[in-house]
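Numbering (the numbering used here), first residue to last: 802 to 1192. Beta carbons: idealized from backbone N, C-alpha and C, even for Gly. Here is the structure we will look at.
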Amino acid sequence: MKNIIHMKDIDLYNKRVLIRVDFNVPLNNNIIISDNRIQASIPTIKYALKKNAKVILMSHLGRPKEGEYCQKLSMQPIIQYLKKIFYKNKIYYSNHLKPITIQPGELLILENVRFNPGEKNNDEILSKKYANLCDIFVMDAFGSAHRKEASTYGVGMFAKISCAGILFASEINALTRALKNPKQPMISIVGGAKISTKFKLLKQLSKISDTVIVGGGIANTFLAIDYNIGKSLYEPKFIPLAKIIRAKNNILIPVDSRVGTKFSKNSLAIVKKPYQIQNNEEIMDIGDESIKNMIETLKKAKTILWNGPMGVFEFPNFSVGTKALAKNISKNQAFCIAGGGETINVIDMFNIKNKISYISTGGGAFLEFVEGKKLPTIQMLETSKKKHYVS
Ligand code: 3PG
């Protein structure tokens, strides 16, 4: 973090402070299903208000068609939510980008940035419009740290000064701590269904981990090296890479699985060894012997990095492995860092939020950071610091 300015290093008093938050929360009929991401940025907003800044918030929500208003993806439910938290502060709402006068200690919330033409492709004119709204730009949207868009990147390049918010800084610090100098042994867990986006992560983690436990579609791809795994989800094109990773590293692959004949919550779960799997069956969870092996391995961990479920945890018959590991991690003394959209859903589902050392708000951003990619918003903040101290 030494190359980035932290918002606490700047005098915010009476300044127009534009904070890019990631309030991309799941909604169902305008009801917020999980408020984790909003809660994560509340300390940043409270800090700016306490310092008597004129606070402006902006975020994206979903993936609307650019240039078109879409009522379902309006920020309105989030504004109503924020009104309950900041009931002592005046809150305004704006669906345009002309500068609006607000007083210190007041909040202005902008409409979904993805309604603005030019947002996704980091348009210069739009970026300058955002920058003109503020004296200080605060990047707090770690969940969007991998997006080079006008409200995450362009604005920061044109703002007078750009800095990291409290959440953004703590995400970078926690992830850096876990990755740069992890207390050994480090055990990583990589699961989930999005195989293609996870192989890079797996490669990176296998370099720094004592053991990588695999589940979900990733594990199936390893199993498919040696077995016919029926209808199970796996990625044939990653088999050569899986072979190399397995040969060079300690990869803990399931020795048994819970299989079903249809992808449905009513499907019966039968525990089978990989060589017993029939053509009409698919792996949807790990089996009991695998759970035992994985829990045994986790016992020696001093650091755990967890991304992804072991199976189709949404179906009770196939949530056994994910639940067993989640409960075990929640009791483990190791420093545990968890991240990724599905992982956060698992943590919510099994109610272990307070028992994980650090939960990242990032999905794609978390994965790209762990893969070792330089995120564009970090680059932008570094550029801003250099410019600021030269001028
Ligand atoms: C996320 O949910 O991972 C972030 O909010 C980024 O959303 P996006 O993938 O639509 O850019």
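With a threshold of 7 Å (Cβ to nearest heavy atom), would residue 997 be considered close to the ligand 3PG? no
Give the residues whose C-beta lies closer than 6 Å to at least one heavy atom of the ligand 3PG, in chain order. 823, 825, 864, 944, 945, 948, 1164 and 1165
Whether residue 811 touches residue 973 by CB criterion (8 Å): no
Taking C-beta to C-beta, are residue 864 and residue 941 nearer than 8 Å? no
Please state whether DSSP places residue 1189 in a helix, a strand or coil. helix
Looking only at its own chain, which residues have a Cβ that is under 6 Å from the Cβ of residue 1080, when we skip the five neighbours before and after it? 1031
Note the first and the last residue of the continuous beta strand (DSSP E) segment covering residue 842. Looking at the DSSP string, residue 842 is not in any beta strand (DSSP E); the run it does join, the alpha helix (DSSP H), is 837 to 851.
Is it buried or exposed for residue 1035, if we count other Cβ within 10 angstroms and need 16 for buried? buried
Check whether the region 920 to 933 touches the region 1137 to 1154, taking contact to mean three or more Cβ pairs, one atom from each stretch, closer than 8 Å. Contact between the region 920 to 933 and the region 1137 to 1154 is absent: fewer than three C-beta pairs spanning the two stretches fall below 8 Å.
Taking 8 Å as the limit between beta carbons, can you name the residues of its chain near residue 984, skipping five residues before and five after? 1103, 1104, 1135 and 1136
Starting from residue 938, follow its DSSP beta bridges and name the residues at the other end. Among the bridge pairs identified by DSSP, residue 938 is matched with 819 and 963.
Could you pull out every residue in the same chain whose Cβ sits closer than 7 Å to the Cβ of residue 828, ignoring the five residues on either side in sequence? 834 and 878
State the Cα-Cα distance for the pair residue 1033 and residue 1093, rounded to the nearest angstrom. 22 Å
Between the region 847 to 858 and the region 899 to 912, can you find at least three pairs of beta-carbon atoms closer than 8 Å? yes
Out of 1124, 1141 and 1163, which one is the CA nearest neighbour of residue 1153? 1124
Where residue 1139 falls: helix, strand or coil (DSSP): Here residue 1139 sits in strand by DSSP.
Hey, residue 1024 and residue 1054: beta-carbon distance below 8 Å or not? yes
Could you tell me which whole beta strand (DSSP E) segments of length 3 or greater appear in the region 964 to 1047? 987 to 991 and 1012 to 1015
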